[in-house]
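A.B. asks: Just so we're aligned, residue 100 is where the sequence shown starts under the working numbering, counting upward by one. Heads up, the beta-carbon is just placed ideally off N, CA and C, and yes, glycines get one too.
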Amino acid sequence: MEFLEMDSLLTRALREDVGSGDITTNACVPESVQIAGRFLSKEPGVLCGMDILRRVFMLLDGRIRIEAALVDGTRLTAGDTIAEISGPARAILTGERLALNLLQRLSGIATRTDAAVCAVSGTNAIIVDTRKTTPGLRALEKYAVKTGGGGNHRFGLFDGVLIKDNHIVAAGGIASAVAAARRHVPHTLKIEVETETLDQVREALEAGADIIMLDNMDLAQMRRAVTLVGGRARTEASGNMGDRRLSEVAETGVDFISIGALTHTVRALDISLKFHGQFFS
């Protein structure tokens, strides 16, 4: 995410949280107080979001100093110091919640992605995300998936063709949908078709789909579909994959496993900010 785009996002988020001012902090903490503290991991996971952490505080007060002890992608253990922070106490307290919200969420996504990648280790399957992201945070959340070792599916509606069940109905069938897509998109863009049955897999193959999504199929169906495709297209397992045993799905021979739960139902990693020193400017 470019800095201008990031700043716009963070400015809106700060405006939402701070409003006309941080009443508690401004009432309790003198303006002259300087503080020092550290961000701590309270559980194992994969760290993600250090640039965002820095930028939140930079937007609030350029006098705040952050010294990172770790970088994105680091595997954390409970008790690890992630970063040291020092500067005006008021500004740090005002930015604390937003900085933690984003750091915790992105680290949670990276952690869950890492677990999924580890689950398919030794197979050819690649773990990828979906468009089931938090509105406005897609670039950050997809970055977190990459940090956790996964891959990104299409970013939005503009950079990939994915013909889903409702497209098929509206277009009058798989063949007509694929043919229409071929006429309208560049030859460099791959076309993916969502299928739910082996008959649909055959239709998608005959239509010339580049990628065939196997949606909500059981393991036996997936194995038969992969055999049927026989390398003539890439295959993607999808549909409640966050609740499946990923090693078993990967062993069917699919090329990709797309998991919406990497971003839409992730649990934030437990990270805290603890102050340990106060001084006056």
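Output needed for Asp213: all residues of its chain with C-beta closer than 6 Å, excluding positions within five of it in sequence on either side, in chain order.
C.D. replies: Numbered from 1 along the sequence shown, position 114 holds the residue referred to as residue 213. Val145, Gly247 and Gly248.
A.B. asks: Looking only at its own chain, which residues have a Cβ that is under 8 Å from the Cβ of Leu139, when we skip the five neighbours before and after it?
C.D. replies: Mapped onto the sequence shown, residue 139 falls at position 40. Closer than 8 Å at Cβ, skipping near neighbours: Gly178, Asp179, Thr180, Ile181, Ile370, Ser371, Leu372 and Lys373.
A.B. asks: For my contact list, Thr334 and Asp314 are in at a C-beta cut-off of 8 Å; report their separation, rounded to the angstrom.
C.D. replies: Along the sequence shown, read from residue 1 onward, the residue named residue 334 stands at position 235. Along the sequence shown, read from residue 1 onward, the residue named residue 314 stands at position 215. Their Cβ separation, rounded to whole angstroms, is 11 Å, which puts Thr334 and Asp314 out of contact at 8 Å.
A.B. asks: Look at the alpha carbon of Ala126 and the alpha carbon of Leu197, and state the distance between them as a whole number of angstroms.
C.D. replies: Position 27 of the sequence shown holds residue 126. Position 98 of the sequence shown holds residue 197. About 20 Å.
A.B. asks: Starting from the C-beta of Val348, find all residues in its chain whose C-beta is less than 6 Å away, skip the five residues before and the five after it, and write them out in chain order.
C.D. replies: Numbered from its first residue, the sequence shown carries residue 348 at position 249. Closer than 6 Å at the Cβ level, and outside the excluded window around Val348, lie Ala336 and Ile356.
A.B. asks: What does the alpha-carbon distance come out to for the pair Met149 and Gly259?
C.D. replies: As a first step, residue 149 must be located in the sequence shown, where it is residue number 50. As a first step, residue 259 must be located in the sequence shown, where it is residue number 160. Each residue's Cα considered, the two are about 30 Å apart.
A.B. asks: Which residue from Gln377, Ser346 and Gly376 puts its Cα closest to that of Ala224?
C.D. replies: Here residue 224 corresponds to residue number 125 of the sequence shown, with the count starting at 1. Closest option to Ala224, Cα to Cα, is Ser346.
A.B. asks: What would DSSP say about Val155, mapped onto helix, strand or coil?
C.D. replies: Numbered from its first residue, the sequence shown carries residue 155 at position 56. If DSSP states are grouped into helix, strand and coil, Val155 belongs with the helices.
A.B. asks: Apart from the five residues just before and just after Glu302, which ones in its own chain have a Cβ nearer than 7 Å to its Cβ?
C.D. replies: The residue given as residue 302 occupies position 203 in the sequence shown. Same-chain partners within the cutoff: Ile273 and Ala274.
A.B. asks: Please state whether DSSP places Val284 in a helix, a strand or coil.
C.D. replies: Mapped onto the sequence shown, residue 284 falls at position 185. Three-state DSSP puts Val284 in coil, outside helix and strand.
A.B. asks: Would you kindly work out how many angstroms separate the C-alpha atoms of Leu201 and Asp171, rounded to a whole number?
C.D. replies: To locate residue 201, count along the sequence shown from 1; it is residue 102. To locate residue 171, count along the sequence shown from 1; it is residue 72. If I take the Cα positions, the gap works out to 13 Å.
A.B. asks: When the Cβ atoms of the stretch 311 to 330 are set against those of the stretch 187 to 194, are three or more pairs found closer than 8 Å?
C.D. replies: No contact exists between the stretch 311 to 330 and the stretch 187 to 194.
A.B. asks: When the Cα atoms are used, what is the spatial distance from Leu304 to Val325?
C.D. replies: In the sequence shown, counting from the first residue as 1, residue 304 sits at position 205. In the sequence shown, counting from the first residue as 1, residue 325 sits at position 226. For Leu304 and Val325, the distance between alpha carbons rounds to 12 Å.
A.B. asks: Determine the contact status of Gly330 and Thr364, defining contact as a CB-CB distance below 8 Å.
C.D. replies: Here residue 330 refers to the residue found at position 231 of the sequence shown. Here residue 364 refers to the residue found at position 265 of the sequence shown. No, the pair does not count as a contact, with Cβ atoms beyond the cut-off.
A.B. asks: Put Thr294 into one of helix, strand or coil per three-state DSSP.
C.D. replies: Residue numbering aside, residue 294 sits at position 195 when the sequence shown is read from its first letter. Here Thr294 sits in strand by DSSP.
A.B. asks: Rounded to a whole number of angstroms, what is the C-alpha to C-alpha distance between Phe156 and Leu239?
C.D. replies: Working through the sequence shown from its first residue, we reach residue 156 at position 57. Working through the sequence shown from its first residue, we reach residue 239 at position 140. Near 17 Å, if we compare the C-alpha coordinates of Leu239 and Phe156.
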